[in-house]
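Asks: After the structure tokens below, expect a handful of questions from me.
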């Protein structure tokens with residue numbers, strides 16, 4: 502579930518508010534968006550992918566909240582770690598190197 | 268909400284009202300291709316999405332294979348034959364041929380539009396896989412470029428219908444801006460995806476069968492709804508239901524002993540049976556170092572939850588579960604009556620997982636490549652068909668007296684509204700458990716249907732839902748309706764075929780190689796349609 506919107510990183514673009522399929526965020530005037538409906542989060546990581554400044558953190562757990570702190574996310578290098586894995590949708594990232602065609606299941 | 272019954276629906280009274288030739292409901296791959304195809308025929312097109320076209324749905328958040336096969340007769344034949352037995356020989360060779368042709372054309376278009384396909388060692392583009400986020404971002408761009416108007420965060424509540432029973436648009440709510448929307452349209456494409464029962468599969472919680480309910484309120488029929496119990500493997504704590512890499516896994520009990528017969532392909536039943544009584548663990552221990560590298564470069568999102576939880580899946584065991592993906596990976600959906608993906612309702616078309624995929628997948632999962640091929644093919648045909656219908660329509664926009672077809676949660680009475688979360692929990696209690704839905708029996712299905720029918724009676728009698736809860740109420744009702752078509756069909760198929768497994772009829776019965784058509788809301792009926800002839804079976808006979 503979405504756990505953190507980093508106030509220090511957020512540039513108030515509200516991209517996450519628009520792209521979240523489950524409408525989890527609410528935009529707030531002159532402030533970072535708030536996680537208004539956390540239990541609706543479907544852990545699809547799309548908000549992280551579209552955030553231009555890596556200000557969001559989605560914990561892998563779908564059910565329970567982890568109450569992880571912004572400091573420990575920074576320390577683990579998790580901010581932006583999903584955006585950095587090779588999807589082209591993230592602006593500025595390298596073109597993807599989708600190697601699926603080389604994998605033969607059951608090999 | 269008071270737009271139902273025989274009261275005339277005033278489109279112009281909505282906060283946002285529009286006229287269109289074609290309305291597309293749903294902005295995943297099928298809806299996006301439908302919108303592009305309709306606009307390409309010169310139609311004025313509006314696309315509404317419950318979430319956001321480009322990031323919503325099962326495709327946007329994942330990578331997928333595509334059933335892209337070069338137009339070489341031998342290769343095409345082999346591609347068709349590959350899954351026919353698994354699907355119980357319910358596929359239709361004519362539709363498979365059409366889908367292979369259309370997919371080849373459309374995927375080549377993606378390349379022209381700039382989709383970054385990877386190159387192999389010979390410098391040839393490999394066009395057999397798509398990365399969801401990149402694919403859907405490109406599709407949104409193409410939809411806009413085609414002149415389609417997109418409304419995100421605009422869930423549709425119900426279809427509009429004219430006095431002759433033809434579809435005439437839809438209405439819904441603007442969940443971020445507040446207020447209502449209504450679109451008057453000459454034809455409508457349902458591209459709302461399947462129903463995964465809010466089971467938490469990757470990107471699948473938006474897929475609650477909304478379009479099924481809307482279409483059923485106009486009398487649309489379904490087929491293949493018994494093939495709706497696809498379960499995907501995922502880490503027990505996480506949402507990532509990508510199953511490809513489990514082909515390299517060993518599944519074990521808590522003490523580390525391998526579970527006999529357990530595997531990703533053909534061994535999922537053993538996993539489900541074990542999960543009934545105890546946890547199942549897995550380690551992807553059969554991938555060499557080179558394969559491990561390829562895996563990370565293929566489906567990077569597979570590793571995100573594991574990395575974040577501090578698990579090395581190649582060297583450590585982690586608990587797994589099976590998440591129900593319902594008709595998303597199953598093959599049931601709206602029944603199509605012709606090559607243009609028309610449904611049984613005049614002016615109403617269906618595409619993608621909202622439509623049946625029995626024609627190309629039979630009773631076996633369409634997950635991955637076949638569903639992706641189906642979404643872009645059926646989307647293309649439904650969009651073109653809807654544009655054609657709109658062009659030939661005798662009605663000028665605005666001349667028809669319209670009604671809302673919406674009933675459940677939208678009706679007019681003084682009764683109290685129902686609690687959507689309670690209904691969702693009650694439906695999930697019947698459809699998620701492996702001993703009810705994975706392993707089916709007449710007794711189990713009958714007991715579940717009794718509960719579900721009773722629940723439908725309560726929901727049907729409830730009063731209109733408040734604006735704040737109406738979207739969730741309609742989702743809950745759609746899941747409930749879907750569960751009833753699913754189990755009524757499952758009860759009618761007294762054999763095991765494709766993904767439909769009956770513990771009381773474990774064998775395939777050759778006299779039941781037919782299609783089951785389900786329909787109705789207050790009363791659910793199931794009837795039998797002949798399946799197309801099949802060359803392999805003709806030869807054997």
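Chains as they are written, first to last, in our numbering: chain X, 502 to 608; chain F, 268 to 808.
Even glycine gets a Cβ: it sits at the ideal position worked out from N, Cα and C.
Cutting at 6 Å between CB atoms, please list the residues of its own chain near residue 568 of chain X, excluding the five before and the five after it.
Replies: One-based indexing of the first chain puts residue 568 of chain X at position 67. Cβ within range, chain order: n/a, list empty.
Asks: Looking only at C-alpha atoms, which of F:435, F:482 and F:587 sits nearest to residue 499 of chain F?
Replies: Translated into positions along the second chain, residue 499 of chain F becomes position 232. With distances taken between Cα atoms, residue 499 of chain F lies closest to F:587.
Asks: So, under 8 Å CB-CB, residue 422 of chain F and residue 738 of chain F are touching, yes? Tell me the CB distance rounded to an integer number of Å.
Replies: Sequence index remark: in the second chain, residue 422 of chain F carries index 155 (1-based). Sequence index remark: in the second chain, residue 738 of chain F carries index 471 (1-based). The pair is a contact, with the Cβ atoms about 5 Å apart (cut-off 8 Å).
Asks: Can you list the residues of chain X that residue 387 of chain F reaches, using a CB-CB cut of under 9 Å?
Replies: Translated into positions along the second chain, residue 387 of chain F becomes position 120. What residue 387 of chain F touches in chain X, judged by beta-carbon distance under 9 Å, is 602 and 603, going in chain order.
Asks: I'd like to know whether the C-beta of residue 550 of chain F is nearer than 8 Å to at least one C-beta of chain X.
Replies: As a working mapping, residue 550 of chain F is identified with position 283 in the second chain. Taking Cβ atoms only, chain X never reaches closer than 8 Å to residue 550 of chain F, which makes this a no.
Asks: Ends of the beta strand (DSSP E) at residue 680 of chain F?
Replies: Within the second chain, the letter at position 413 stands for residue 680 of chain F. Careful: residue 680 of chain F lies outside any beta strand (DSSP E) and carries neither H nor E.
Asks: Is the Cβ of residue 638 of chain F closer than 8 Å to any Cβ of chain X?
Replies: Locating residue 638 of chain F in the second chain gives position 371, where the first residue counts as 1. No, its Cβ sits nowhere closer than 8 Å to a Cβ of chain X.
Asks: Note the first and the last residue of the continuous alpha helix (DSSP H) segment covering residue 448 of chain F.
Replies: Taking the second chain and counting its residues from 1, one reaches residue 448 of chain F at position 181. Not the alpha helix (DSSP H): residue 448 of chain F falls in the beta strand (DSSP E), residues 447-457.
Asks: Can you name the residues of chain F whose CB is closer than 7 Å to the CB of residue 473 of chain X?
Replies: In this structure chain X extends from 502 to 608, so residue 473 of chain X is not present and cannot be described.
Asks: To which residues does DSSP link residue 538 of chain F through a beta bridge?
Replies: As a working mapping, residue 538 of chain F is identified with position 271 in the second chain. BP columns for residue 538 of chain F are empty, so no partner.
Asks: Find the residues of chain X that neighbour residue 327 of chain F, judging by a C-beta separation of less than 7 Å, and give them in chain order.
Replies: The sequence position of residue 327 of chain F within the second chain is 60, counting from 1. Result: 547.
Asks: Does DSSP classify residue 549 of chain X as helix, strand or coil?
Replies: Reading the first chain from its first residue, position 48 is the one you call residue 549 of chain X. Three-state result, residue 549 of chain X: helix.
Asks: Check the C-beta distance from residue 507 of chain X over to residue 556 of chain X and give it rounded, since I have them as a contact under 8 Å.
Replies: Position 6 of the first chain, counted from the first residue, corresponds to residue 507 of chain X. Position 55 of the first chain, counted from the first residue, corresponds to residue 556 of chain X. Residue 507 of chain X to residue 556 of chain X, Cβ: 4 Å. Contact.
Asks: In its own chain, which residues sit with a C-beta less than 7 Å from the C-beta of residue 570 of chain F, not counting the 5 before and 5 after it?
Replies: Numbered from its first residue, the second chain carries residue 570 of chain F at position 303. For residue 570 of chain F, where only same-chain residues beyond five positions count, the Cβ hits under 7 Å are 563.
Asks: Quick check: what's the CA-CA separation for residue 342 of chain F versus residue 282 of chain F?
Replies: In the second chain, counting from the first residue as 1, residue 342 of chain F sits at position 75. In the second chain, counting from the first residue as 1, residue 282 of chain F sits at position 15. Distance between the alpha carbons of residue 342 of chain F and residue 282 of chain F is about 53 Å.
Asks: Can you tell me where the alpha helix (DSSP H) with residue 570 of chain F in it begins and where it stops?
Replies: The residue given as residue 570 of chain F occupies position 303 in the second chain. Its alpha helix (DSSP H) spans residues 567-575.
Asks: Whose C-alpha, out of F:434, F:291 and F:387, is nearest the C-alpha of residue 459 of chain F?
Replies: Position 192 of the second chain holds residue 459 of chain F. The candidate whose alpha carbon is nearest that of residue 459 of chain F is F:291.
Asks: In terms of residues, what are the limits of the alpha helix (DSSP H) holding residue 517 of chain X?
Replies: If you number the first chain from 1, residue 517 of chain X lands on position 16. Counting along the chain, the alpha helix (DSSP H) containing residue 517 of chain X begins and ends at 516-520.
Asks: By how many angstroms is the C-alpha of residue 790 of chain F removed from the C-alpha of residue 550 of chain X?
Replies: One-based indexing of the first chain puts residue 550 of chain X at position 49. One-based indexing of the second chain puts residue 790 of chain F at position 523. Going by the C-alpha atoms only, they are around 45 Å apart.
Asks: Name the residues in the region 406-436 of chain F whose C-beta lies less than 7 Å from a C-beta of chain X; which are they?
Replies: 419 and 420
Asks: Which residues in chain X sit within 8 Å of residue 473 of chain F, going by Cβ to Cβ distance?
Replies: In the second chain, the residue the question calls residue 473 of chain F occupies position 206. The answer, in chain order, is 522, 523 and 543.
Asks: Quick one: list the residues of chain X neighbouring residue 529 of chain F, beta-carbon separation under 7 Å, in chain order.
Replies: The count along the second chain starts at 1 and reaches residue 529 of chain F at position 262. Chain X residues near residue 529 of chain F: none, gap ~14 Å exceeds 7 Å.
Asks: Comparing the C-beta of residue 532 of chain X with each C-beta of chain F, is any distance below 8 Å?
Replies: Along the first chain, one-based indexing puts residue 532 of chain X at 31. No, residue 532 of chain X does not count as interfacial toward chain F.
Asks: Rounded to a whole number of angstroms, what is the C-alpha to C-alpha distance between residue 533 of chain F and residue 274 of chain F?
Replies: For the purposes of this step, residue 533 of chain F is taken as the residue at position 266 of the second chain. For the purposes of this step, residue 274 of chain F is taken as the residue at position 7 of the second chain. Near 53 Å, if we compare the C-alpha coordinates of residue 274 of chain F and residue 533 of chain F.
Asks: Please classify residue 809 of chain F as buried or exposed, where buried requires at least 16 neighbouring CB atoms within 10 angstroms.
Replies: Since the first residue of chain F shown is 268 and the last is 808, residue 809 of chain F is not available in this structure.
Asks: For residue 505 of chain X, count the other beta carbons within 10 Å of its own beta carbon; 16 or more makes it buried, fewer makes it exposed. Which is it?
Replies: Position 4 of the first chain holds residue 505 of chain X. It counts as buried.
Asks: Give every residue of the same chain whose Cβ lies closer than 8 Å to the Cβ of residue 607 of chain X, excluding the five residues on either side of it in the sequence, and list them in chain order.
Replies: Mapped onto the first chain, residue 607 of chain X falls at position 106. Residue confidence for residue 607 of chain X is low, a pLDDT of 43 falling below 50, so the modelled location carries little weight and cannot support an answer.
Asks: What are the residues that DSSP puts in a beta bridge with residue 462 of chain F?
Replies: Locating residue 462 of chain F in the second chain gives position 195, where the first residue counts as 1. Answer is F:475.
Asks: Taking buried to mean at least 16 other C-beta atoms within 10 Å of its own C-beta, is residue 339 of chain F buried or exposed?
Replies: By 1-based counting over the second chain, the position of residue 339 of chain F is 72. By the 10 Å Cβ count, residue 339 of chain F comes out exposed.
Asks: Report buried or exposed for residue 553 of chain X, applying the criterion of at least 16 other Cβ atoms within 10 angstroms of its Cβ.
Replies: Taking the first residue of the first chain as position 1, residue 553 of chain X is located at position 52. The residue is exposed, with fewer than 16 neighbouring Cβ atoms inside 10 Å.
Asks: Check whether the Cβ atoms of residue 625 of chain F and residue 357 of chain F sit closer than 8 Å, and answer yes or no.
Replies: In the second chain, the residue the question calls residue 625 of chain F occupies position 358. In the second chain, the residue the question calls residue 357 of chain F occupies position 90. Cβ distance < 8 Å, so residue 625 of chain F and residue 357 of chain F count as in contact.
Asks: Can residue 339 of chain F be considered in contact with the ligand MG, in the sense that its beta carbon sits closer than 7 Å to one or more heavy atoms?
Replies: The ligand MG is not part of the structure shown, which contains no ligands of any sort.
Asks: One question on the structure: do residue 832 of chain F and residue 517 of chain F come within less than 8 Å of each other, judged by their Cβ atoms?
Replies: Chain F is shown only over 268 to 808; residue 832 of chain F falls outside these bounds and no answer can be derived.
Asks: Pick from F:465, F:719, F:456 and F:575: whose alpha carbon is nearest that of residue 601 of chain F?
Replies: Here residue 601 of chain F refers to the residue found at position 334 of the second chain. With distances taken between Cα atoms, residue 601 of chain F lies closest to F:456.
Asks: What residues in its chain sit with their C-beta under 8 Å from that of residue 787 of chain F, if we drop five residues either side in the sequence?
Replies: Here the question's residue 787 of chain F lines up with position 520 in the second chain. So the qualifying residues of the chain are 483.
Asks: According to DSSP, is residue 585 of chain F helix, strand or coil?
Replies: By one-based count along the second chain, residue 585 of chain F stands at place 318. The answer is strand: DSSP assigns residue 585 of chain F an E or B state.
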